[in-house]
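K.L.:
Numbering (the numbering used here), first residue to last: 96 to 893. Positions of the beta carbon are idealized from the N, C-alpha and C atoms, including for glycine. Keep in mind the model is a prediction, meaning the values are calculated, not measured. Shown below is the structure under consideration.
Okay, here's the thing in structure tokens:
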């Protein structure tokens, strides 16, 4: 017999191969078992829900697959947890994912009944089945669920498994998850479910069709009551409590989900979050909605269909109420449009920002006189809303009266591009275009803004002043920020590390001066009706009306709250009487009336200086100012210069004539301090201020040696060497150029000449319409005392 050396080794090789193959199979199975469970277990789309600052549901939007599937819950309410364990899996807390005893019981029941009457599935196995989306219920799939259930128990805790089951279980129709089911069937949070309600919902994932209002009611009640009896058997509730719970009715038709802040949810829905914890105060939200609806009933009679209200906490900038539009189920007037985010013409609502900038820059003092006369600035002719002029007006009064001409002149001196940059820094994101595009109309509605941005800036103004003492008169750049709508993003605004004594945009003193002026806001063109809006609490407020009566604005700010209101038509249709003071201000004051607090800002003395100012002009007091006041101004305000309007002149004792010292001829003359305004300003100022006395004329014996300050006559338009374009009218006829002049004396006539050709005479109001040909021309005006002004201008086209 010949020994084969390879026979023994071949057996060893075969054995090694078998072991290796077995190891590979074991490793493959282990690998499969380890990675067989998807991570995450569910990739379903979720509904987006909006919660208020207390966690209560405000609004919800259905998921992309048309299911009401709320985001996964953080924890399962105790009532539902106990009910579903009692009904589905009483040994849930102890088994490893598969309950052998339950499986054996189910097999015996099925064999006895000769059909499948019990599955023996645990909650973990049911969770796996739900995640596998409708796999056939075969023996193989059952085994697969058991294996994956064992794997799930290793990955998740029992609480996590229960939480995932409660979040993704079907509850009938298109309702998925305990949270959506609780709101749809009982109109409440799952934390508030009674034992009967929790028991009813516990049985639905096993038989979701039973929730149909028209059928299966007896079966549903029998199953619910069975769960209640099991809870009593386990000692979770007592028998009396179970019996009383059985008397509760079953749910009827599904409830509509809350929709208390639909526009805010739409605005925030673009984020990645599905469960949005907002800063909304539900009570303030409902109050603002009621206020808007009550006024809307009157506004619709004038064809005004839309409106919006935004309420902020001034200190933090948090959104307390967001009413993006008037509620209208029919949505016939674009009520779905969010008018808080819409870009609309600003009207006069930006004026406080300009005054704050001018105060900070030292360009203005609070009572400093600014011009308010008919003005032509390179063809642009701003007009006051009332079509009237005051001649000269104090800066703070110009703001409270919302006068257009002074605002335009202040913007001209401050700089359009400089102001545009200020607005961008303050938070106006809609000032897209260049300074050349906007021009001087920027301050009168030339830019489009949103209520969201505006309220953010107004609240920032109030916040900065509030922090004057809190931050020891240092400035925190974090105080200037947009509204905050989500609690997780910025719950509290606190001092940053970049505190500085230098203001980032506006200083405390300038803002306090601006807000103080706004507290006395008045619109003289409304015949004093503004007084009806005064409330017991002090409010710094401003209104605005866009060109064509398309937008009505009103924004008010206190140390506690900032309230912004827009009223109008979303499609841009203008309506007569659609003005901020009439349409928006009443709504704003109604909201403030229902908000607590009556605070006002403490005067920031460290940011202001007390100086002597001229009572009549508001400038720093000069040597000829007779009446002087003490006034708080910003530190840079000392650069504005002394009063230019008080001048020393010489008159006789009766103040009838004015003299030069050289022509007194023995007359008794005395020096007088006289308040003298430029002729154009004096003309209008005298009409509004009867106490204003024009400078007396020179005595006939004195030669005419008046200085420009003493001039009686002023040509307002055109300026010397002006180039004028005279357009054609709509009917094709040649247009007119309107020239303007002013005289100190209302009774003095003014004689007009063009190129030595007499045109006519004007009295009191001195305007003359001309139709000059293309080319160079000379206009001459002369008064009855022979004072004469000549100007050269050029007409460049027709």
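How close, in whole Å, do the beta carbons of residue 883 and residue 874 come, if the pair is a contact with beta carbons under 8 Å?
P.N.:
Incorrect: roughly 11 Å between the Cβ atoms, too far for contact.
K.L.:
From residue 399 to residue 667, what does the alpha carbon distance come to, in whole angstroms?
P.N.:
So the alpha carbons of these two residues sit roughly 10 Å apart.
K.L.:
With distance defined between alpha-carbon atoms, name the residue in 695, 861 and 561 nearest to residue 811.
P.N.:
Looking at the Cα atoms, 861 is the closest of the given residues.
K.L.:
Taking just the CA atoms, how far does residue 835 sit from residue 803?
P.N.:
Its pLDDT being 46, under 50, residue 803 is placed unreliably by the model, and nothing is read from it.
K.L.:
For the alpha helix (DSSP H) containing residue 667, name the first residue and the last one.
P.N.:
Residue 667 -> no alpha helix (DSSP H), and no H or E assigned at all.
K.L.:
Using DSSP's beta-bridge definition, name the partner residues of residue 119.
P.N.:
In DSSP, residue 119 forms no bridge with anything.
K.L.:
So what does DSSP say about residue 354, is it helix, strand or coil?
P.N.:
It is a strand residue.
K.L.:
To which residues of the same chain is residue 297 closer than 6 Å at the C-beta, ignoring the five residues directly before and after it?
P.N.:
Cβ within range, chain order: 178, 179, 182 and 322.
K.L.:
May I ask you to report which of helix, strand or coil DSSP gives residue 154?
P.N.:
Strand, per DSSP.
K.L.:
Do the CB positions of residue 607 and residue 698 come within less than 8 Å of each other?
P.N.:
Contact: yes.
K.L.:
Where residue 571 and residue 545 are concerned, what is the direct C-alpha to C-alpha distance, given to the nearest angstrom?
P.N.:
Approximately 25 Å between the Cα atoms of the pair.
K.L.:
Using the beta-carbon count (16 or more within 10 Å), is residue 522 buried or exposed?
P.N.:
Buried, because 16 or more other Cβ atoms sit within 10 Å of the Cβ of residue 522.
K.L.:
Report back the beta-carbon spacing between residue 775 and residue 809 to the nearest angstrom; my notes put them in contact at under 8 Å.
P.N.:
So it is a contact: roughly 5 Å between Cβ atoms.
K.L.:
Just to confirm, is the Cβ distance from residue 971 to residue 679 under 8 Å?
P.N.:
Absent from the structure is residue 971, since the part of the chain shown begins at 96 and ends at 893.
K.L.:
Under 6 Å Cβ to Cβ from residue 601, same chain only, skipping five residues before and after it: list those, please.
P.N.:
Around residue 601: 451 and 455.
K.L.:
What does the alpha-carbon distance come out to for the pair residue 709 and residue 768?
P.N.:
Spanning the two alpha carbons is a distance of roughly 12 Å.
K.L.:
Under 8 Å, with one C-beta from each stretch per pair, do the region 552-559 and the region 650-657 reach the 3-pair mark?
P.N.:
The answer is yes - the region 650-657 touches the region 552-559, with three or more Cβ pairs under 8 Å.
K.L.:
Could you check the C-alpha separation between residue 443 and residue 478 for me, to the nearest Å?
P.N.:
Distance between the alpha carbons of residue 443 and residue 478: 13 Å.
K.L.:
What is the DSSP secondary structure of residue 510, counted as helix, strand or coil?
P.N.:
Of the three classes helix, strand and coil, the one that applies to residue 510 here is coil, per DSSP.
K.L.:
Taking buried to mean at least 16 other C-beta atoms within 10 Å of its own C-beta, is residue 278 buried or exposed?
P.N.:
By the 10 Å Cβ count, residue 278 comes out buried.
K.L.:
Tell me which residue opens and which closes the beta strand (DSSP E) that residue 405 is part of.
P.N.:
401-408 is the span of the beta strand (DSSP E), which, as asked, contains residue 405.
K.L.:
Tell me which residues share the same chain as residue 303 and place their Cβ nearer than 7 Å to its Cβ, disregarding the 5 neighbours each side in the sequence.
P.N.:
The answer, listed in chain order, is 265, 266 and 267.
K.L.:
Under a three-way DSSP split, which group does residue 72 fall into?
P.N.:
Absent from the structure is residue 72, since the part of the chain shown begins at 96 and ends at 893.
K.L.:
State buried or exposed for residue 378, treating a residue as buried only when at least 16 other CB atoms are found within 10 Å of its CB.
P.N.:
Looking at its Cβ environment, which holds fewer than 16 other Cβ atoms inside 10 Å, residue 378 is exposed.
K.L.:
Determine the extent of the beta strand (DSSP E) in which residue 700 is found, giving its start and end residues.
P.N.:
Taken as a continuous stretch (DSSP letters only), residue 700 belongs to no beta strand (DSSP E), as it is neither H nor E.
K.L.:
Under the three-state reduction of DSSP, which class applies to residue 673: helix, strand or coil?
P.N.:
Coil.
K.L.:
Run through the DSSP bridge pairs and tell me what residue 648 is partnered with.
P.N.:
In DSSP, residue 648 forms a bridge with 639 and 661.
K.L.:
I'd like to check one pair, residue 500 with residue 484: are the Cβ atoms closer than 8 Å?
P.N.:
Yes, these two residues count as a Cβ contact at 8 Å.
K.L.:
Flag this pair as touching only if the region 417-424 and the region 349-362 have three or more C-beta atom pairs under 8 Å; answer yes or no.
P.N.:
Contact holds: three or more Cβ-Cβ distances are below 8 Å.
K.L.:
Does residue 601 come out as helix, strand or coil in the three-state DSSP assignment?
P.N.:
Coil, per DSSP.
K.L.:
From the DSSP output, in three-state form, read off residue 735 for me.
P.N.:
The answer is helix: DSSP assigns residue 735 an H, G or I state.
K.L.:
Could you tell me which uninterrupted beta strand (DSSP E) segments, each at least 3 residues in length, are contained entirely in the region 854-886, listed from first to last along the chain?
P.N.:
Runs of the beta strand (DSSP E) inside the region 854-886: 861-865 and 870-878.
K.L.:
Candidates 867, 857 and 837: which alpha carbon is nearest residue 850's?
P.N.:
When each option's Cα is compared against that of residue 850, the closest is 867.
K.L.:
DSSP on residue 255, reduced to helix/strand/coil?
P.N.:
It is helical.
K.L.:
I need the DSSP call for residue 682, collapsed to helix, strand or coil.
P.N.:
Three-state result, residue 682: helix.
K.L.:
Can you give the beta carbon distance from residue 166 to residue 285, rounded, assuming they're within the 8 Å contact cut?
P.N.:
Contact flag wrong, Cβ pair sits at about 13 Å.
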